[in-house]
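Structure first, then comments.
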Amino acid sequence: MFSYCLLHLEKPEEPRDLYRIFYYDCPGMTREMVHPLTGETISFASGTGTQWANDFFAELSKKRKLALRLGELAEGQAMYVLKPKSLRRLLTKEKSVDDLTRADFRLDVKQKGVDMRIGLDVASLAYGKYVDQIILIAGDSDFIPVAKMARRNGIDFLLDPMGQYIKPKLSEHIDGIETLTDYMFAE
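For the sequence shown, the numbering used here begins at 297 and goes up steadily by one.
What follows is the structure, given as structure tokens:
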């Protein structure tokens, strides 16, 4: 992720100075949950994903010109859900309940506060006139209000959707799309 962000400095159409990289995420899940199929109790606090995330965030927090912005996970609302493909196969009788495996389920847990932190930071940068360009690297397109506010304040607002589809409505409210995913995988 970090080296990917730097590509926006190394391969731009015009020279850019870096004000700061803001990295938004949530810490890993820490609760225990019972898998609905196996009945196994899974402790996420000691899982490799949570440990990796904690180590990654600790290293990021030491980096110059990088601001780590952590939201929260709605752990109390986390649940296992049947994957859409598995549900479809059950409904069309291609698969029976007895044929289900752990792989047919995924953990569904929502992030809280990440989008709000992005909005507050963009507003602060725009109203404070600290930057003249913002590049948002995001795989979703829920940032229309943020993009509109930044542009109203004279910010050149670019989106790198990481190869994801963006809603046509979002295209109306950004100054351009800059996709550097091809560079990332070519090197």
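Every residue gets a Cβ at the ideal spot worked out from N, C-alpha and C, and that includes glycine.
When the Cα of residue 449 is compared with those of 456, 460, 439 and 427, which residue comes out closest?
To locate residue 449, count along the sequence shown from 1; it is residue 153. When each option's Cα is compared against that of residue 449, the closest is 427.
Give me the DSSP bridge partner(s) of residue 430.
As a first step, residue 430 must be located in the sequence shown, where it is residue number 134. The partner list for residue 430 (beta bridge, DSSP) reads 453.
With DSSP collapsed to three states, give me the class of residue 407.
By one-based count along the sequence shown, residue 407 stands at place 111. It is a strand residue.
DSSP-derived helix/strand/coil call for residue 371:
For this step, residue 371 is matched to residue 75 along the sequence shown. If DSSP states are grouped into helix, strand and coil, residue 371 belongs with the helices.
Which of helix, strand or coil does DSSP assign to residue 340?
Reading the sequence shown from its first residue, position 44 is the one you call residue 340. In this structure, residue 340 counts as coil in the three-state DSSP scheme.
Count the C-beta pairs between the region 395 to 414 and the region 354 to 361 that are closer than 8 Å, then say yes if the count reaches three, no if not.
no
For residue 430, is the classification buried or exposed, using 16 other Cβ atoms within 10 angstroms of its Cβ as the cut-off for buried?
By 1-based counting over the sequence shown, the position of residue 430 is 134. Label assigned to residue 430: buried.
Quick one, which of 373, 372 and 395 has its alpha-carbon nearest residue 490's?
Outside the displayed span of the chain (297 to 483) sits residue 490, for which this structure offers no information.
Cα-Cα separation, residue 302 to residue 320:
Stepping through the sequence shown from its first residue, residue 302 is reached at position 6. Stepping through the sequence shown from its first residue, residue 320 is reached at position 24. For residue 302, the predicted structure reports a pLDDT of 49, less than 50, and the residue's modelled location is therefore unreliable. A value from the coordinates is still provided. Near 16 Å, if we compare the C-alpha coordinates of residue 320 and residue 302.
Hey, how far is the Cα of residue 244 from the Cα of residue 323?
Examination of residue 244 is not possible in this model, given that the chain is present from 297 through 483 alone.
Spatially closest choice to residue 440 from 462, 425 and 424, by CA coordinates
Here residue 440 refers to the residue found at position 144 of the sequence shown. If we check each option's Cα against that of residue 440, 462 comes out closest.
Can you give me the Cβ contacts of residue 353 inside the same chain, cut-off strictly under 8 Å, excluding the 5 residues immediately before and after it?
For this step, residue 353 is matched to residue 57 along the sequence shown. If we look at residue 353 and ignore the five residues flanking it on each side, its Cβ neighbours are 321, 323, 364 and 366.
Reduced DSSP category for residue 398 - H, G, I as helix; E, B as strand; rest coil
As a working mapping, residue 398 is identified with position 102 in the sequence shown. DSSP places residue 398 in helix when its eight states are reduced to three.
Alpha carbon of residue 412 to alpha carbon of residue 419, nearest angstrom
Counting from 1 along the sequence shown, the entry for residue 412 is found at position 116. Counting from 1 along the sequence shown, the entry for residue 419 is found at position 123. Approximately 11 Å, taken between the alpha carbons.
Can you tell me whether residue 380 is buried or exposed, with buried defined as 16 or more other CB within 10 angstroms of its CB?
Sequence index remark: in the sequence shown, residue 380 carries index 84 (1-based). With fewer than 16 Cβ atoms within 10 Å of its Cβ, residue 380 is classed as exposed.
How long is the line joining the alpha carbons of residue 328 and residue 425, rounded to whole angstroms?
Locating residue 328 in the sequence shown gives position 32, counting from the first residue. Locating residue 425 in the sequence shown gives position 129, counting from the first residue. Approximately 45 Å between the Cα atoms of the pair.
From 346, 318, 388 and 465, residue whose alpha carbon lies closest to that of residue 414:
The residue labelled residue 414 in the question sits at position 118 within the sequence shown. Nearest C-alpha to residue 414: 318.
Here's the rule I'm using: 16 or more other beta-carbon atoms within 10 Å means buried, otherwise exposed. How should residue 312 be labelled?
What you label residue 312 is simply residue 16 of the sequence shown in a count that begins at 1. Exposed, because fewer than 16 other Cβ atoms sit within 10 Å of the Cβ of residue 312.
Collapsed DSSP secondary structure at residue 333 in the structure displayed
Position 37 of the sequence shown, counted from the first residue, corresponds to residue 333. Residue state, collapsed to three classes: coil.
Residue 471 beta carbon less than 7 Å from that of residue 454
The residue labelled residue 454 in the question sits at position 158 within the sequence shown. The residue labelled residue 471 in the question sits at position 175 within the sequence shown. Result yes, Cβ atoms of residue 454 and residue 471 sit closer than 7 Å.
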